[in-house]
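Protein sequence lines correspond, in order, to chains A and F. Take the first sequence: its letters are residues 0 to 174, numbered as in numbering that gives the first Met the number 0. Take the second sequence: its letters are residues 0 to 790, numbered as in numbering that gives the first Met the number 0. Backbone N, C-alpha and C fix where the C-beta goes; we use that ideal spot for every residue, glycine too.
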Amino acid sequence: MKRFFFILSLLFFSQLNAEENSIEYKIKAGYLYNFTKFITWPENELETFNLCILGKDPFGPILNPIEKRSVKGKPIRLSRIQHADEAKHCHIVYISSLSKAHISTLGVLTIKSVVAKLTVGESKPFTHQGGMISFFQREGKVKLGVNLLSLRKSGLEISAKLLEVAEIYEGEQND
Amino acid sequence: MIKPLKNLSIKKKLLSVLLFSSISGLVIAAFLLLVLEVSDFKKNAQNELSTMAQLIANRSTAALSFHDTDLAKENLSSLEQLVTVQSACLYDAQGHIFTFFKVSEFQGIPCPKHYLGQSTHFDHTLLHIYNLVELDNEMLGVVYIQADLETPFLDKLQSITLLFLALFMATVVTFLFTTPLLRVITRPLNKLLTTVHRITNEKDFSQRATKQGSDEVGELVDAFNDMIETVEHQNTALTVAKNHYRALYDDNPTMVFHLSANGMIVSVNSFGAKQLDLSCELLQGCSIFDFVHPEDQLVAKMLFDLCVASPHKVHKQELRKICRDGRVIWVRETARIINNENQQYNFLLVCEDVTETRLLAEKIEYQASHDALTGLVNRIEFDGVIQQSVKEAKDSGVQHALCYLDLDQFKVVNDTSGHMAGDELLRQLGNVLKKLIRKNDTLARLGGDEFGILMNSCSLDEAYHACEKLRNVIRDFQFAWEGRSFSIGVSIGISAIYFSTGNAVDALKEADAACYAAKENGRNRVHVFRPDDEELAMRQGEMQWVEKIQHGLDENRFVLYGQLIVPITEENQEGLHFETLVRFLDEQGNVIPPGAFLPAAERYNLATHLDKWVIAHLFEWLANHRACLDKLAVCSVNLSGLSLSDESMLGFINEMFELYAIPTEKICFEITETAAISSLNSATKFIQHLRDKGCSFSLDDFGSGLSSFAYLKNLPVDYLKIDGLFVKDILEDQVDLAMVKSINEVGHVMGKKTIAEFVENKQIFDLLNELGVDYAQGYGIAKPVPLDDLL
Numbered sequence: 000m001k002r003f004f005f006i007l008s009l010l011f012f013s014q015l016n017a018e019e020n021s022i023e024y025k026i027k028a029g030y031l032y033n034f035t036k037f038i039t040w041p042e043n044e045l046e047t048f049n050l051c052i053l054g055k056d057p058f059g060p061i062l063n064p065i066e067k068r069s070v071k072g073k074p075i076r077l078s079r080i081q082h083a084d085e086a087k088h089c090h091i092v093y094i095s096s097l098s099k100a101h102i103s104t105l106g107v108l109t110i111k112s113v114v115a116k117l118t119v120g121e122s123k124p125f126t127h128q129g130g131m132i133s134f135f136q137r138e139g140k141v142k143l144g145v146n147l148l149s150l151r152k153s154g155l156e157i158s159a160k161l162l163e164v165a166e167i168y169e170g171e172q173n174d
Numbered sequence: 000m001i002k003p004l005k006n007l008s009i010k011k012k013l014l015s016v017l018l019f020s021s022i023s024g025l026v027i028a029a030f031l032l033l034v035l036e037v038s039d040f041k042k043n044a045q046n047e048l049s050t051m052a053q054l055i056a057n058r059s060t061a062a063l064s065f066h067d068t069d070l071a072k073e074n075l076s077s078l079e080q081l082v083t084v085q086s087a088c089l090y091d092a093q094g095h096i097f098t099f100f101k102v103s104e105f106q107g108i109p110c111p112k113h114y115l116g117q118s119t120h121f122d123h124t125l126l127h128i129y130n131l132v133e134l135d136n137e138m139l140g141v142v143y144i145q146a147d148l149e150t151p152f153l154d155k156l157q158s159i160t161l162l163f164l165a166l167f168m169a170t171v172v173t174f175l176f177t178t179p180l181l182r183v184i185t186r187p188l189n190k191l192l193t194t195v196h197r198i199t200n201e202k203d204f205s206q207r208a209t210k211q212g213s214d215e216v217g218e219l220v221d222a223f224n225d226m227i228e229t230v231e232h233q234n235t236a237l238t239v240a241k242n243h244y245r246a247l248y249d250d251n252p253t254m255v256f257h258l259s260a261n262g263m264i265v266s267v268n269s270f271g272a273k274q275l276d277l278s279c280e281l282l283q284g285c286s287i288f289d290f291v292h293p294e295d296q297l298v299a300k301m302l303f304d305l306c307v308a309s310p311h312k313v314h315k316q317e318l319r320k321i322c323r324d325g326r327v328i329w330v331r332e333t334a335r336i337i338n339n340e341n342q343q344y345n346f347l348l349v350c351e352d353v354t355e356t357r358l359l360a361e362k363i364e365y366q367a368s369h370d371a372l373t374g375l376v377n378r379i380e381f382d383g384v385i386q387q388s389v390k391e392a393k394d395s396g397v398q399h400a401l402c403y404l405d406l407d408q409f410k411v412v413n414d415t416s417g418h419m420a421g422d423e424l425l426r427q428l429g430n431v432l433k434k435l436i437r438k439n440d441t442l443a444r445l446g447g448d449e450f451g452i453l454m455n456s457c458s459l460d461e462a463y464h465a466c467e468k469l470r471n472v473i474r475d476f477q478f479a480w481e482g483r484s485f486s487i488g489v490s491i492g493i494s495a496i497y498f499s500t501g502n503a504v505d506a507l508k509e510a511d512a513a514c515y516a517a518k519e520n521g522r523n524r525v526h527v528f529r530p531d532d533e534e535l536a537m538r539q540g541e542m543q544w545v546e547k548i549q550h551g552l553d554e555n556r557f558v559l560y561g562q563l564i565v566p567i568t569e570e571n572q573e574g575l576h577f578e579t580l581v582r583f584l585d586e587q588g589n590v591i592p593p594g595a596f597l598p599a600a601e602r603y604n605l606a607t608h609l610d611k612w613v614i615a616h617l618f619e620w621l622a623n624h625r626a627c628l629d630k631l632a633v634c635s636v637n638l639s640g641l642s643l644s645d646e647s648m649l650g651f652i653n654e655m656f657e658l659y660a661i662p663t664e665k666i667c668f669e670i671t672e673t674a675a676i677s678s679l680n681s682a683t684k685f686i687q688h689l690r691d692k693g694c695s696f697s698l699d700d701f702g703s704g705l706s707s708f709a710y711l712k713n714l715p716v717d718y719l720k721i722d723g724l725f726v727k728d729i730l731e732d733q734v735d736l737a738m739v740k741s742i743n744e745v746g747h748v749m750g751k752k753t754i755a756e757f758v759e760n761k762q763i764f765d766l767l768n769e770l771g772v773d774y775a776q777g778y779g780i781a782k783p784v785p786l787d788d789l790l
């Protein structure tokens, strides 16, 4: 396990060196995977854990190795989608910051979903606008923001430990 | 370790055991306490810190997952509350330090730079805790805590020391309380030991140990008491047995000596010591030979030599012992060899006091060889002395003189003053003669009034002078008896004993003949033997009769005579009644009356032979003269005293009765009063036997012995023959008359018939008739005639 983890890490580093700006996304890719551990996923009939990238994919091939992992025994399947309608079976939907248009589809994402989904987006405002978790940078470090209200609505339970490392946005205004 | 304990007292042993167990218990407890407490302490400390590390690990998953070092540091800072913790670190999945924490006082490096798979461990008082941080089986990092346990560890040690001290105090107190309790065990043992010592010292087996309880010591006391009881019983039994044997040894009426090989007394019994008049203790170490009569020393030594020569035999010896008080005792010694414990030989000597037996034997020997009346040597012994002298004369040629003394007027004394006077005279004369002879000479009483002297180494001349002296002394000797004084004389014959003397009998015969010659020559003189004296003596002397009687019996030189006995009163007329008498017919045809040969026959044991001859020939004659037998009323035969006690006599008489078919009632046996009384028992039996067969008996010479009438009662006789001495003077002597009268009366009262002897004339016969005497016999009636002339 350790060794596997070690090799994986090496793999990330080599890709970070290969591409500019890729270190930040490598960390984010790792964080995406780490979220699966701090969130309690409701049972469903799907055979795979679906990670969807909505809109423009900022990760590129960096994220691909994630398909070799699994969550609760289900292998992770990476799918890149362009419309919110395609996100029916996604457990995690990553919304790139470049695509602001998609922010308005957050409600659609939530309502028309087969499974409870975690929405992850770039920049703090994402959480203010109804997104659940957002990445933002402070003092050169990737930080997390959490909208508790959105999370509660989605039916997902988030570990208190994750909350300890995140900035929490209550989201009262949106109510 | 056990060995030195062996000789300690039980109390000390118990104390040692107690001490040892306490100390070892204490040490083991202390060791266990230390080990357990320390390990417990370590375990607790490790558990506590591990829990903390686990807690921190759990809290740090998110911090590690999302690289939040602030949160991670905050988590580690919570360890500040624990005083032992010096530093703590959190490593990431790559083993690099993610963040760290250390207390302000801690100066060193907080934690290893890399995590390289270490695990939780102690380094002296430092405790290193490593705890993995995992999430969904994925290792996120490692929590490391370093704690210094020195202070709490020292605190722990201190508390352990206190605990140990408390334990030690408790043990000491327990020990002090327990020690006095040891006496429960030791006291009964000591008591038992005291009793054992007391019994051993006092030898008093009646004491018993007291029982304190029923434990093993109690059982030991019981067992000991049982044992002592057995010992006491056995001791008592042994003492009793010892006393019995002691009594058997000490009170045994013989002297028992245990002697060493050289005769030293090792031990002696009480009786033996008492006999010797010394104590047992003083006798020990003395020599047994100190108590042996000097004359018996050789005999005593010989006894021991015999024992050594044949050790398996018991040897006996009689000898004299001298006691301390000078007594001499005769003892019969019995000795044998025994081996003592050192295998050396010793003697066991038993001495039985046989003094009395010995003295009695000596007395009997003396009596056999001495005359009871005078104390002089008797005839038998004198014969022996003569024999000895004859032999000596033959061997060495020494000449001895043999004297034969015959008192002249002795019969006068005897007849006039009685036997008592005669005896006294003989005694006095014996003493007179004893003083006159030399030391080596032998004086003997040969019988009656005859003495003999053997003069040792003496010529006839010397003997003659000595005898003259004797004769003079005896002539001058005045014997006084009841106011009367008697003078007596002596006739002495001397013969020589020299080498040609034939034998003792010849020598005595010659002396006897010389004495006879002295008498013939007029008495009271000394006569030395000459051969013609012998011829003289041969005719008259007593000695000659021995041979003559023997020849007479063989050659039937005796002839039977008879003297009639007639009834005095007319009405008593009966058949023929006579007394059988015996006469000797010598070679010249002279008839010799019995007065000449009967004393010799009596003296030389020929009387019985003569009696048998008379009976046989009388019976034969009677059988051959049947006519006479038919006429015969009673025929009496004389029996000597010797015949009465002769064992063969009764058988002989019975045989004769049968052989000649003589009616027993026709035979009357005459016995003298003296013969009957001298052996009253055998005489009575003899008489009784023949009377039962029908014979009758008459008591001859009754009155002469002057013995008591009382004897008469015990003698079952039919006739009393009144002694002729009384009868012949009956006419003149009133005393004799009275005697005859009284004898007759007493005889009649006792139912016996009386016969008077010596009836010499008609006057006497008439007087007897008056007195009522039944029969008469004597020259006045009829003289003795040959039997054939009776018809």
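Contact check between the region 42-56 of chain F and the region 186-194 of chain F: fewer than three CB pairs, one atom from each, fall below 8 Å, which does not count as touching.
The beta-carbon of V92/A is placed no less than 7 Å from the nearest beta-carbon of chain F. L134, D135, N136, E137 and M138: these are the residues of the region 118-139 of chain F whose beta carbon lies less than 8 Å from some beta carbon of chain A, given in chain order. For the region 46-65 of chain F, residues whose beta-carbon sits nearer than 8 Å to a beta-carbon of chain A comprise R58, T60, A61, A62, S64 and F65.
Within the region 425-482 of chain F, the complete alpha helix (DSSP H) segments at least 4 residues long are 459-475, listed from N- to C-terminus. Inclusion of M263/F and S278/F in the CB contact set at 7 Å is not warranted, their separation being larger than that value. Put simply, the backbone Cα of K87/A is about 11 Å away from that of L50/A.
For V527/F, the enclosing beta strand (DSSP E) starts and ends at V525 to V527.
Separation of the CB atoms of I80/A and L45/A is rounded to 16 Å, and the pair is thereby denied contact status at 8 Å.
Chain A places a beta carbon closer than 7 Å to that of L70/F, counting this residue as a contact.
Contact residues of the region 30-42 of chain F toward chain A are absent (C-beta to C-beta distance below 9 Å).
Short of 8 Å from the beta carbon of R319/F, and not among the five residues preceding or following it, lie these beta carbons of its own chain, in chain order: V291, H292, E294, D295, V327, I328, W329 and V330.
Annotation: the continuous beta strand (DSSP E) that includes S695/F extends over S695 to F701.
N33/A has a beta carbon lying within less than 7 Å of a beta carbon in chain F. Nearest to F485/F by alpha-carbon distance, out of L18/F, V411/F, D352/F and D440/F, is V411/F.
Not a single C-beta of chain A is nearer than 7 Å to the C-beta of D91/F. Between the alpha carbons of Y497/F and L469/F lies a gap of roughly 23 Å.
Here Q408/F carries a coil assignment [DSSP, helix/strand/coil].
Each residue's CA atom was taken as its position, placing S86/F and R151/A some 40 Å apart.
Distances from the alpha-carbon of F409/F to those of G396/F, S395/F, Q427/F and H399/F put Q427/F closest.
With respect to the C-alpha of I379/F, the residue from T373/F, F99/F and A367/F having the closest C-alpha is A367/F.
Within the region 91-153 of chain F, the complete beta strand (DSSP E) runs of at least 3 residues fall at 96-101, 120-122, 125-134 and 137-147.
The beta carbon of F478/F lies closer than 6 Å to those of L424 and F485 in the same chain, with the five residues before and after it left out. At a cut-off of 3 residues, the continuous stretches assigned as beta strand (DSSP E) that sit fully inside the region 109-168 of chain A are 117-121, 132-137, 140-146 and 165-168. Note: P785/F is bridge-paired with Y560/F in the DSSP secondary-structure output.
V613/F and D553/F have their C-alpha atoms roughly 13 Å apart. About 18 Å separates the CB atoms of F618/F and I670/F; that is not less than 8 Å, and the two are not in contact. Residue-level contact check: D147/F does not touch chain A, since none of the beta carbons of chain A fall below 7 Å from its beta carbon.
Closest in C-alpha terms to N430/F, from the list I473/F, L786/F, T173/F and F163/F, comes I473/F. A Cβ of chain F is located within less than 7 Å of the beta carbon of K36/A. When the Cα atoms are used, E759/F and N439/F turn out to be separated by approximately 55 Å. Taking the CA atoms as reference points, Q343/F sits about 8 Å from A260/F. Residues of chain F whose Cβ lies closer than 7 Å to the Cβ of K160/A are, in chain order, T60 and A61. Bounds of any beta strand (DSSP E) do not take in N341/F, whose DSSP letter is neither H nor E. Between the alpha carbons of E201/F and L192/F lies a distance of about 14 Å.
The Cβ of V145/A sits no closer than 7 Å to any Cβ of chain F.
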